[in-house]
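J.: I have a structure here, written as structure tokens, and I will follow up with some questions on it.
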Amino acid sequence: MNDGVNGVALGVFIFFFVLVTAMGFLAARWRKAENEHSLDEWGLGGRSFGTWVTWFLLGGDLYTAYTFVAVPAAIYAAGAAGFFAVPYTILVYPLIFTFLPRLWSVSHKHGYVTTSDFVRGRFGSKGLSLAVAVTGILATMPYIALQLVGIQAVLDVMGVGGGEDTNWFIKDLPLLIAFGVLAAYTYSSGLRAPALIAFVKDTLIYIVIAVAIIYIPIKLGGFDDIFAAANDKFTESGNGGLVPDHGGQWTYATLALGSALALFMYPHSITATLSSRSREVIRRNTTILPLYSLMLGLLALLGFMAIAAGVKVENGQLAIPQLFENMFPDWFAGVAFAAIGIGALVPAAIMSIAAANLFTRNIYKDFIKPDATPAQETKVSKLVSLLVKVGALVFVLGMDKTVAINFQLLGGIWILQTFPALVGGLFTRWFHRWALLGGWAVGMVYGTIAAYGVASPTQKHFGGSSDEIPGIGEIGYIGLTAFVLNVLVTVVLTFVLRAVKAPDGVDETKPSDYTADAGDPGVQVELPPATAGSSH
């Protein structure tokens, strides 16, 4: 790592940062709405985005700075086991093709802004809606923090902020500036800001990956030498080479499946989805989003390249930024760092908006101020989006980076427990609302306790997301085990509650709502009884 500041790389980085900052503020005038004081406009971009805008927005949403840094870092540290991210992004698209269009249709019909809105309307349960909302907010907070970790990794490699002995304020000042800019344009422009910036972010990432996958192997002697060097490293370290052993394969498979089920349960994924203008846009996106999976597979190979290039870092999250620093000319290293930095700003903005929408619609409006006007909703959501980012910043500045990563893994375990209520509710009303709440509680408690008991070399608790699967004895993803328990409890309790004829709640949706499109005759946004007074 350079002792001083890489001035050329920093200059290029600042250029792109200023560019996207200007775009972020100008986005408020892009597709300017007649009424800006509603969550439909600020939080969902007016539900007006077409195929390409949605594609870039979802790509910017799902393939983050954390992806850019952490996936190849996992390969760098653990070998082929880190490739689990590739099959899970392949599995997820056929899965979402089956349910996202249905969610878009019913949300458009009834003016739902969040998944919790849908759960409340479908099952007539504010309690279940609150559980889904709280889970979404908890799972999103460490995810935002990791985007800031990605920015910090880039700044560290460029030498910005000084060394470990530097005053904390001077050291963290660049991150504070980046945070302040992010907070300002998100507050001003809402979802339109990350939607516009995503074009720059994804273009930069595709350019960097295309260059890296050709240029770096040429400098390292080709892929034969790269794989040989990586295999030698993992053989010497006792890992048995690149491919995990039998026990590791259980972890790999369960982590890939569980992650696929969880990805579109995250609030930011749904926020980007509901911003599109028709269900056909969603269907098209599920067929073209796998292009990002191709990019992810190439991106993961950078972990092996870092090994072959002799990159040595104490913090694995610095491996790929350091690889770029070592292998690229300074000016192109700046482009690569800008891709990672902007790759943090886009999802962080969407995540903070999604968490704010959940709080506003499903906590503030449902439990604190039921008669809130659309303008009041928007104001609260803007303020909460700031608070969420402040919380993430405090998390990053106050905790070890490994802790942030492990809490994000815990967030994945939590968010998966909302799957039965959301996806189950999109296809059937058979599940009882109290059974879903009971299953959610069991999954949350089991997942949290199991994760608490996992130790790592740096932590006594919450040291990872894999543990022994009860009854099987293999090591697997805790989130998937908790999800299975969740479903079993939900099914059993549903039988019991229906047998005793427990109150079932009122379903405000009807079958035709789940296939309605924006252009269908007679389709218009309705106001759910619980949200009367909102603008949709």
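Going by my numbering, the first residue of the sequence shown is number 12, and it counts up by one from there.
Note that the Cβ used here is the ideal one computed from N, Cα and C, for glycine as well.
When you compare only the Cα positions, how much space is there between Leu253 and Ala386?
T.: Their Cα atoms are separated by approximately 55 angstroms.
J.: Could you have a look at Phe245 and say whether DSSP puts it in helix, strand or coil?
T.: Three-state result, Phe245: helix.
J.: Which parts of the region 444-529 are runs of the beta strand (DSSP E), unbroken and 3 residues or longer, counting only runs that do not cross its ends?
T.: Within the region 444-529, the complete beta strand (DSSP E) runs of at least 3 residues are 477-479, 486-488.
J.: Let me make sure I understand the geometry here. Which of Gly15, Pro83, Gly56, Phe27 has the alpha-carbon closest to that of Ser286?
T.: The shortest C-alpha separation from Ser286 is found at Gly56.
J.: Please determine, among Gly191, Ile162, Leu499, the residue with the shortest C-alpha to C-alpha distance to Ile331.
T.: The candidate whose alpha carbon is nearest that of Ile331 is Ile162.
J.: Taking Cβ to Cβ, would you say Ala462 is nearer than 8 angstroms to Ile480?
T.: Not closer than 8 angstroms, so no.
J.: Among Phe67, Arg440, Ile281, whose alpha-carbon lies nearest the alpha-carbon of Asn368?
T.: Comparing Cα positions, the closest option is Ile281.
J.: Report yes if the C-beta distance between Gly22 and Gly345 is below 8 angstroms; otherwise report no.
T.: Yes, they are a contact pair.
J.: Would Gly450 and Asn497 qualify as a contact pair, given that the criterion is a beta-carbon distance under 8 angstroms?
T.: Yes, the Cβ-Cβ distance between Gly450 and Asn497 is below 8 angstroms.
J.: Where do the N-terminal and C-terminal ends of the alpha helix (DSSP H) with Gln158 fall, by residue?
T.: Looking at the DSSP string, the run of the alpha helix (DSSP H) that includes Gln158 is 137-169.
J.: With DSSP as the reference, label Phe370 as helix, strand or coil.
T.: It is helical.
J.: Indicate the three-state DSSP secondary structure (helix, strand or coil) for Val16 in the structure shown.
T.: Residue state, collapsed to three classes: coil.
J.: What is the residue span of the alpha helix (DSSP H) that Trp550 lies within?
T.: The question about residue 550 has no answer here: the residues shown for the chain are numbered 12 through 547.
J.: Glu388 lies in the alpha helix (DSSP H); which residues open and close that run?
T.: Note, Glu388: alpha helix (DSSP H), 385-409.
J.: Name the DSSP beta bridge partners of Ser287, please?
T.: Looking at the DSSP assignment, Ser287 forms a beta bridge with Phe60.
J.: Tell me whether the beta-carbon of Leu491 lies closer than 8 angstroms to the beta-carbon of Met276.
T.: Cβ atoms of Leu491 and Met276: not closer than 8 angstroms.
J.: Give the single residue among Glu336, Phe348, Trp115 whose Cα lies nearest to the Cα of Gly227.
T.: The displayed chain sequence assigns Ile, not Gly, to residue 227. When only C-alpha atoms are compared, the closest one is Glu336.
J.: Can you grab the Cα-Cα spacing for the pair Leu141 / Ser270, in whole Å?
T.: Approximately 23 angstroms, taken between the alpha carbons.
J.: Is it buried or exposed for Trp342, if we count other Cβ within 10 angstroms and need 16 for buried?
T.: The residue is exposed, with fewer than 16 neighbouring Cβ atoms inside 10 Å.
J.: Does DSSP classify Lys380 as helix, strand or coil?
T.: In this structure, Lys380 counts as coil in the three-state DSSP scheme.
J.: Assign Thr265 to one of three DSSP states: helix, strand, or coil.
T.: In this structure, Thr265 counts as helix in the three-state DSSP scheme.
J.: On the three-state DSSP scale, how would you describe Met276?
T.: The answer is coil: DSSP assigns Met276 none of H, G, I, E or B.
J.: Can you list, in chain order, the residues of its chain with a C-beta nearer than 7 angstroms to that of Thr389? Leave out the 5 residues immediately preceding and following it.
T.: Result list for Thr389: His48, Ser49, Leu50, Trp53, in chain order.
J.: Once the 5 residues before and after Ser116 are set aside, which same chain residues still bring their CB inside 8 angstroms of it?
T.: Counting only Cβ-Cβ distances below 8 angstroms, and skipping sequence neighbours, we find Arg290, Asp524, Tyr525, Thr526, Ala527, Asp528.
J.: Find the nearest neighbour of Thr265 within the set Gly475, Phe95, Leu69, judged by alpha-carbon distance.
T.: The shortest C-alpha separation from Thr265 is found at Phe95.
J.: Run through DSSP, which three-state label would Lys323 get?
T.: Correct three-state label for Lys323: coil.
J.: Which parts of the region 326-366 are runs of the beta strand (DSSP E), unbroken and 3 residues or longer, counting only runs that do not cross its ends?
T.: Qualifying beta strand (DSSP E) stretches: none in this window.
J.: Leaving out five residues before and five after Gly308 in sequence, what residues of the same chain have Cβ atoms less than 7 angstroms from its Cβ?
T.: Excluding residues within five positions, the ones whose Cβ falls inside 7 angstroms are Val97.
J.: If you draw a straight line from the alpha carbon of Gly458 to that of Gly138, how long is it in whole angstroms?
T.: Going by the C-alpha atoms only, they are around 21 angstroms apart.
J.: Tell me the start and end of each unbroken alpha helix (DSSP H) in the region 175-244 that is at least 4 residues and wholly inside, in chain order.
T.: Fully enclosed alpha helix (DSSP H) runs of 4 or longer: 179-200, 203-231.
J.: Please say whether Gly132 and His119 have beta carbons closer to each other than 8 angstroms?
T.: Result no, Cβ atoms of His119 and Gly132 do not sit closer than 8 angstroms.
J.: Run through DSSP, which three-state label would Leu300 get?
T.: Three-state DSSP puts Leu300 in coil, outside helix and strand.
J.: Does the distance from the CB of Gly402 to the CB of Met169 come in under 8 angstroms?
T.: Against a cut-off of 8 angstroms, the Cβ pair of Met169 and Gly402 comes out as no contact.
J.: How many whole angstroms separate the CB atoms of Leu508 and His443, which I take to be in contact at a CB cut-off of 8 angstroms?
T.: Confirmed, Cβ separation roughly 4 angstroms.
J.: State the Cα-Cα distance for the pair Val124 and Ile364, rounded to the nearest angstrom.
T.: Each residue's alpha carbon lies about 11 angstroms from the other.
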